[in-house]
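Novice: Quick one: structure below, then a few questions.
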Amino acid sequence: MLNSRKGFTLVEMVVVMAVFLVVVMITADAFKTILTQVTKLTKSEESNIEGMLGLEMFRHDIQQAGFGLPYSFLSPIKYAEAGVTPANKFNDGTSTTASAVPRAVVAGDDLAAVTDSGSYNILGDTDYLVLKASSLGLNAASQKWTYMPFDDSVASSPPHIWPSGNMDSGTDRVIVMRKAFSEATYTNQLIVKDSETFSAIYDSDGFDEDDKAFRPTLKEEVYYLYGITPGSAARMPFNRADFFVAAPSDSSQRPAFCAENTGIFYKGVVNHGDGKLNYIPLLDCVADMQVVFGWDVDDGQGNEGQDGAVDTYSTPLALNNVDITVSPSAHKTRVTTALADAEKLRASLKLVKVYLLAQLGRRNPGFQSAETIRVGNVSTDGLSKVHTLTTNMRQYHWKVYRVVVSPKNLQANQ
Numbered sequence: 001m002l003n004s005r006k007g008f009t010l011v012e013m014v015v016v017m018a019v020f021l022v023v024v025m026i027t028a029d030a031f032k033t034i035l036t037q038v039t040k041l042t043k044s045e046e047s048n049i050e051g052m053l054g055l056e057m058f059r060h061d062i063q064q065a066g067f068g069l070p071y072s073f074l075s076p077i078k079y080a081e082a083g084v085t086p087a088n089k090f091n092d093g094t095s096t097t098a099s100a101v102p103r104a105v106v107a108g109d110d111l112a113a114v115t116d117s118g119s120y121n122i123l124g125d126t127d128y129l130v131l132k133a134s135s136l137g138l139n140a141a142s143q144k145w146t147y148m149p150f151d152d153s154v155a156s157s158p159p160h161i162w163p164s165g166n167m168d169s170g171t172d173r174v175i176v177m178r179k180a181f182s183e184a185t186y187t188n189q190l191i192v193k194d195s196e197t198f199s200a201i202y203d204s205d206g207f208d209e210d211d212k213a214f215r216p217t218l219k220e221e222v223y224y225l226y227g228i229t230p231g232s233a234a235r236m237p238f239n240r241a242d243f244f245v246a247a248p249s250d251s252s253q254r255p256a257f258c259a260e261n262t263g264i265f266y267k268g269v270v271n272h273g274d275g276k277l278n279y280i281p282l283l284d285c286v287a288d289m290q291v292v293f294g295w296d297v298d299d300g301q302g303n304e305g306q307d308g309a310v311d312t313y314s315t316p317l318a319l320n321n322v323d324i325t326v327s328p329s330a331h332k333t334r335v336t337t338a339l340a341d342a343e344k345l346r347a348s349l350k351l352v353k354v355y356l357l358a359q360l361g362r363r364n365p366g367f368q369s370a371e372t373i374r375v376g377n378v379s380t381d382g383l384s385k386v387h388t389l390t391t392n393m394r395q396y397h398w399k400v401y402r403v404v405v406s407p408k409n410l411q412a413n414q
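Position 210 of the sequence shown, counted from 1, bears residue number 210 in UniProt numbering, the numbering being contiguous throughout.
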């Protein structure tokens, strides 16, 4: 048997190796492209997931606006709210003179850049939204409510106790309200002891003798109790959450991958102790926030909130007293009045729309976005803002998140 000793020539080996190297290079380049795209997609999806989680919390808070909020006071009271700038610009209460009935929703249009307590820099030309309700606190007390009927067999008129007993803390500060119902509407009157005392300490055995002013005195009365804060005295007869875009002065608190001229969308809950804010980040890398209100201010006969239809949209009031923008403009006077009046606001505010311009993923040097992005919807609201991006900002992908909510605790939506 003859064995063949013929092998590959040097030329054949060189050609095969060259072909192999070309294939490897093509495959590696394709893999690199795929990896780059997957990374971009992953970062984009991370931004989307973070946005959905934070904005769902935001949506829930808007729905809660007005819950457990007084419509009137048994007698004039004094209460304080936020003690820092610009949050204090949206206060309804004052600790020195008789305070106004709180508005469920307050907002400011295109704020000037300002530093909040030296730690957070509010982005200029962004809107500011304030929500007020008993349930907006960061404590367990704010999630509780119960009722207290008249009971002449027990001197202290103990409140109703839920089977779980989770209301029986003995230290929670609560507000007490008398609800009056009619065929058309109802009202929540805040029961107060004096101008300085508008809350009581909850106890399942009822209120102390000194707090007998908080107990029903008529058989047909039922008082309602809403938890506000544990332990220390309540600063205001509700809880308050502010929403705004700010850049932390401490750069380590701001993600390094965020584009210039962006901040963090925060929820700031007013502390009952000192009036400062407790900051909760909801969404990173936000360049703009715009608020639009939908109103039912005219049923054709000059009445607010009667036909249930949104007949006009508006921007918030500006802090520098610049006129609001209303579409259609014929309802401007009515909307301006409703923004400043707690009762008219409850009766006619149907929708709260918030638009957030946020970065998607990280910087992409090979990409260039449009120079301007519309933050809002002209076709539905008749209002919007055009946001201009810098050259560096155009190397990022952007998305306008839209949150549209009907506050369920306002009379206009009941």
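Ideal placement from N, C-alpha and C gives every residue a C-beta, glycine not left out. These figures come from a predicted structure and were not determined experimentally.
#1: Please say whether residue 105 and residue 129 have beta carbons closer to each other than 9 Å?
#2: Quick one: is residue 379 buried, meaning 16 or more other Cβ sit within 10 Å of its Cβ, or exposed?
#3: Less than 9 Å separating the beta-carbons of residue 229 and residue 87?
#4: Leaving aside the five residues before and after residue 364 along the sequence, list all residues of the same chain whose C-beta is less than 8 Å from its C-beta, in chain order.
#5: From the DSSP secondary-structure annotation, give me the bridge partner or partners of residue 108.
#6: Should the segment 117 to 128 be regarded as contacting the segment 239 to 251, the criterion being three or more beta carbon pairs within less than 8 Å?
#7: Residue 223: which of 358, 309, 176 sits nearest, CA to CA?
#8: Leaving out the 5 sequence neighbours to the left and right, which residues in its chain are closer than 6 Å to residue 269 when beta-carbon positions are compared?
#9: Could you tell me which whole beta strand (DSSP E) segments of length 3 or greater appear in the segment 230 to 306?
#10: Quick one: using the 10 Å Cβ neighbour count with 16 as the cut-off for buried, is residue 408 buried or exposed?
#11: Tell me the DSSP secondary structure of residue 85 in three-state form.
#12: If the criterion is Cβ atoms closer than 9 Å, does the pair residue 386 and residue 355 meet it?
#13: Rounded to a whole number of angstroms, what is the C-alpha to C-alpha distance between residue 343 and residue 283?
#14: Tell me which residue opens and which closes the alpha helix (DSSP H) that residue 199 is part of.
#15: Would you kindly check if the distance between the Cβ of residue 226 and the Cβ of residue 99 is under 9 Å?
#16: Ordered along the chain, which non-local residues of its own chain (more than five positions away) have a Cβ less than 7 Å from that of residue 66?
#17: Have a look at residue 13 and residue 21 and give me their C-alpha separation to the nearest angstrom.
#18: So, helix, strand or coil for residue 64, using DSSP?
#19: Once the 5 residues before and after residue 163 are set aside, which same chain residues still bring their CB inside 8 Å of it?
#20: Using a 10 Å radius around the Cβ and a threshold of 16 neighbouring Cβ atoms, would you call residue 296 buried or exposed?
#21: Between which residues of its own chain and residue 312 is the CB-CB distance below 7 Å, once the five residues before and five after are set aside?
#22: Tell me which same chain residues have a C-beta within less than 6 Å of the C-beta of residue 308, skipping the five on either side of it?
#23: Please classify residue 10: does DSSP put it in a helix, a strand, or coil?
#24: Helix, strand or coil, according to DSSP, for residue 390 in the structure here?
#25: Looking only at C-alpha atoms, which of 11, 383, 151, 316 sits nearest to residue 217?
#26: Within 10 angstroms of the Cβ of residue 255, are there 16 or more other Cβ atoms? Answer buried if so, exposed if not.
#27: Count the other C-beta atoms from every protein chain shown that fall within 10 angstroms of the C-beta of residue 392, then say buried if there are 16 or more, exposed otherwise.
#28: Tell me where the alpha helix (DSSP H) around residue 448 begins and ends.
#29: Mapping the DSSP letters down to three states, classify residue 115 as helix, strand or coil.
#30: Go ahead and pull the three-state DSSP assignment for residue 172.
#31: Quick check on residue 353: does DSSP put it in helix, strand or coil?
Specialist: Reading off the structure:
#1: Position 129 of the sequence shown, counted from the start, is the residue given in the question as residue 129. Position 105 of the sequence shown, counted from the start, is the residue given in the question as residue 105. By the CB criterion at 9 Å, residue 129 and residue 105 fall inside the cutoff.
#2: For the purposes of this step, residue 379 is taken as the residue at position 379 of the sequence shown. With a 10 Å radius around the Cβ and a threshold of 16 neighbouring Cβ atoms, residue 379 comes out exposed.
#3: Along the sequence shown, one-based indexing puts residue 229 at 229. Along the sequence shown, one-based indexing puts residue 87 at 87. The criterion of a C-beta distance shorter than 9 Å is not satisfied by residue 229 and residue 87.
#4: In the sequence shown, residue 364 corresponds to position 364, counting from 1. Only 40, 395, 396, 397 meet the Cβ criterion.
#5: Taking the first residue of the sequence shown as position 1, residue 108 is located at position 108. 128, 317.
#6: The segment 117 to 128, when compared against the segment 239 to 251, does touch it at the 8 Å Cβ threshold.
#7: On the sequence shown, residue 223 is found 223 positions in, with the first residue counted as 1. Closest by alpha carbon: 176.
#8: Position 269 of the sequence shown, counting from 1, holds the residue named residue 269. Excluding sequence neighbours, residue 269 sits near 138, 241, 278.
#9: List check, beta strand (DSSP E) in window: 239 to 248, 263 to 270, 277 to 295.
#10: Within the sequence shown, the letter at position 408 stands for residue 408. So residue 408 counts as exposed.
#11: Numbered from its first residue, the sequence shown carries residue 85 at position 85. Coil.
#12: Numbered from its first residue, the sequence shown carries residue 386 at position 386. Numbered from its first residue, the sequence shown carries residue 355 at position 355. Taking 9 Å as the Cβ cut-off, residue 386 and residue 355 do not qualify as a contacting pair.
#13: Counted from its first residue, the sequence shown places residue 343 at position 343. Counted from its first residue, the sequence shown places residue 283 at position 283. In this structure, the alpha-carbon of residue 343 lies about 33 Å from that of residue 283.
#14: Position 199 of the sequence shown, counted from the first residue, corresponds to residue 199. Residue 199: not part of any alpha helix (DSSP H); DSSP gives it neither H nor E.
#15: Translated into the one-based positions of the sequence shown, residue 99 becomes position 99. Translated into the one-based positions of the sequence shown, residue 226 becomes position 226. The answer is no: Cβ separation not under 9 Å.
#16: Counting from 1 along the sequence shown, the entry for residue 66 is found at position 66. Once the five neighbours on either side are set aside, the close Cβ partners of residue 66 are 104, 133, 346, 407, 409, 410.
#17: Counting from 1 along the sequence shown, the entry for residue 13 is found at position 13. Counting from 1 along the sequence shown, the entry for residue 21 is found at position 21. If you take the alpha carbons of residue 13 and residue 21, they lie about 12 Å apart.
#18: The residue you call residue 64 lines up with position 64 of the sequence shown. When secondary structure is reduced to three states using DSSP, residue 64 falls in the helix class.
#19: Residue 163 sits at position 163 when you count from the first residue of the sequence shown. Confidence at residue 163 is low in this model, with a pLDDT of 46, below 50, so its placement is unreliable and no value can be given for it.
#20: What you label residue 296 is simply residue 296 of the sequence shown in a count that begins at 1. It is buried - the Cβ of residue 296 has at least 16 other Cβ atoms within 10 Å.
#21: Translated into positions along the sequence shown, residue 312 becomes position 312. The answer, listed in chain order, is 295, 297, 326, 327, 328, 331, 335.
#22: Taking the sequence shown and counting its residues from 1, the one referred to as residue 308 is at position 308. So no residue of the chain qualifies.
#23: Indexing the sequence shown from 1 puts residue 10 at position 10. Here DSSP, grouped into helix, strand and coil, assigns residue 10 to helix.
#24: For the purposes of this step, residue 390 is identified with residue 390 of the sequence shown, where counting begins at 1. When secondary structure is reduced to three states using DSSP, residue 390 falls in the coil class, being assigned neither helix nor strand.
#25: Counting from 1 along the sequence shown, the entry for residue 217 is found at position 217. Comparing alpha carbon positions, the residue from 11, 383, 151, 316 closest to residue 217 is 151.
#26: If you number the sequence shown from 1, residue 255 lands on position 255. Here residue 255 is exposed, its C-beta having fewer than 16 other C-beta atoms within 10 Å.
#27: For the purposes of this step, residue 392 is identified with residue 392 of the sequence shown, where counting begins at 1. Counting of Cβ neighbours within 10 angstroms places residue 392 among the exposed residues, the total staying below 16.
#28: Examination of residue 448 is not possible in this model, given that the chain is present from 1 through 414 alone.
#29: Within the sequence shown, residue 115 is the residue found at index 115, counting from 1. Of the three classes helix, strand and coil, the one that applies to residue 115 here is strand, per DSSP.
#30: In the sequence shown, counting from the first residue as 1, residue 172 sits at position 172. Looking at residue 172 - three-state DSSP - the assignment turns out to be strand.
#31: Translated into positions along the sequence shown, residue 353 becomes position 353. Reduced to three states, the DSSP call for residue 353 is strand.
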